[in-house]
Amino acid sequence: MIYEGRMERLSCLLAISAFESVEALVRYVPELIMWNRPQLPRIARGKEALKLYEEGWTIYAKGIEQFVSEVKPFLQSLENDLGLGAGSGFCNVFASKAGTGANPHFDYAWGFNIQLRGTKSWYLTENQFATHPTESGGVGDLAEGEDRFYTTGVYPKEMPSPTMEKTIGPGSVVFVPRGVWHRTAACEDSFAVSLDMDPKPWLDWVLKEIRNCLLAREQWRECPLGVRGSQEDRERALNKLQALLKDLPQVSKELNVESILSMARGD
Ligand SMILES: [Fe+2]
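Residue numbers (this note's numbering): 3 to 269.
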């Protein structure tokens with residue numbers, strides 16, 4: 003999961019002007035998420051972000067491909083190499099002062115963390131609490147989003163013992179699979195770029211196709227009138243819903259697998 007290589011091979015990434023320095027990054031990205039647990043994350047811009055960074059807050063620049071277009075070819079190459087749908091990739095940048103880092107958490111996407119400057123220690127281990135997560139999570143979090151449907155509701159107070167620990171420097175790439183617990187500690191001032199892949203779960207693509215199929219059916223385009231009305235209204239709504247649900251097995255037979263795959267490919 004960790005590849006240590008020569009920095010020279012990343013020269014094209016280093017040539018991106020937004021990656022020249024923390025100051026350059028802040029110029030390119032209008033809003034930055036700032037981390038400094040146990041305080042809550044906050045949004046900062048420009049000089050305020052730089053001030054917080056000097057005070058020990060980690061800069062988390064999310065989805066920077068929107069502002070730094072030179073990143074897009076790298077994301078597209080990775081999508082192609084991995085055979086993932088077009089548009090699956092996004093790019094985050096993390097800048098941390100020495101002695102700070104990310105608290106234990108896991109992500110819903112696969113991350114390729116490329117260390118450009120400074121050294122950083124990584125701690126990783128498997129996740130027994132959430133398999134194939136659709137949302138990120140952190141230690142002590144309450145699973146209050148859609149993760150409540152696939153976890154026990156509360157994440158552990160501490161990250162399980164790391165099965166992998168490694169201090170890496172410029173030129174190294176750390177691959178963090180979706181859902182794997184990890185935390186980091188910057189040994190020196192650290193600047194890292196993460197190329198992340200989120201090809202979306204099957205359920206998202208299938209639901210889109212189901213919706214398309216249902217849109218073609220007149221009765222499914224009706225609205226649930228009367229669901230809060232009189233007893234008679236409510237019974238009428240219930241009967242209507244039951245009739246609709248009886249239609250679902252037939253709908254599932256009509257789903258177009260090529261249409262689903264086409265959407266997943268990003269055609
Ligand atoms: Fe992460």
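No residue lacks a Cβ here, since even glycine has one placed at the ideal position from N, Cα and C.
Exclusion of V195 from the 7 Å shell around ligand 1 follows from its C-beta lying no nearer than that to any non-hydrogen atom of the ligand. Taken atom to atom, the span from the alpha-carbon of F151 to that of M166 is near 29 Å. Here A194 is bridged, per DSSP, to F96, Q117. Sixteen is the threshold: when 16 or more other Cβ atoms of the shown chains lie within 10 Å of the Cβ of N94, as they do, the residue is buried. In the displayed model, W59 falls within coil according to three-state DSSP, outside both helix and strand. In this structure, E137 is the residue among S254, E137, G85, E148 with its C-alpha nearest to the C-alpha of V182. Linking F131 to T154 through their CA atoms gives a straight-line distance of about 8 Å. The stretch 191 to 198 makes contact with the stretch 109 to 122; the number of CB pairs closer than 8 Å reaches 3 or more. DSSP places R44 inside the beta strand (DSSP E), whose first and last residues are 41 to 46. Taking the Cβ atoms as the reference, Y110 lies roughly 6 Å from R180, within the contact range of under 8 Å. In this structure, the CA atom of Y55 is about 20 Å from the CA atom of P172. Excluding the 5 residues flanking it on each side, L86 has same chain C-beta neighbours closer than 7 Å at M199, P201, in chain order.
Bounds of any beta strand (DSSP E) do not take in V253; it lies within the alpha helix (DSSP H) bounded by 250 to 256.
Checking the 7 Å criterion, the Cβ of D109 is within range of a heavy atom belonging to ligand 1. Its chain contains I45, R47 as the residues whose beta carbon lies nearer than 7 Å to that of E33, once the 5 sequence neighbours on both sides are disregarded; these appear in chain order. With 16 or more other CB atoms across the displayed protein chains lying within 10 angstroms of its CB, H184 is buried. DSSP places M161 in the coil class of the three-state scheme, outside both helix and strand.
Taking the CA atoms as reference points, D249 sits about 25 Å from G231.
Around A187, the same chain offers G103, S123 as residues with beta carbons nearer than 6 Å, after the five sequence neighbours per side are excluded.
Here the alpha carbon of D83 sits roughly 17 Å from the alpha carbon of L12.
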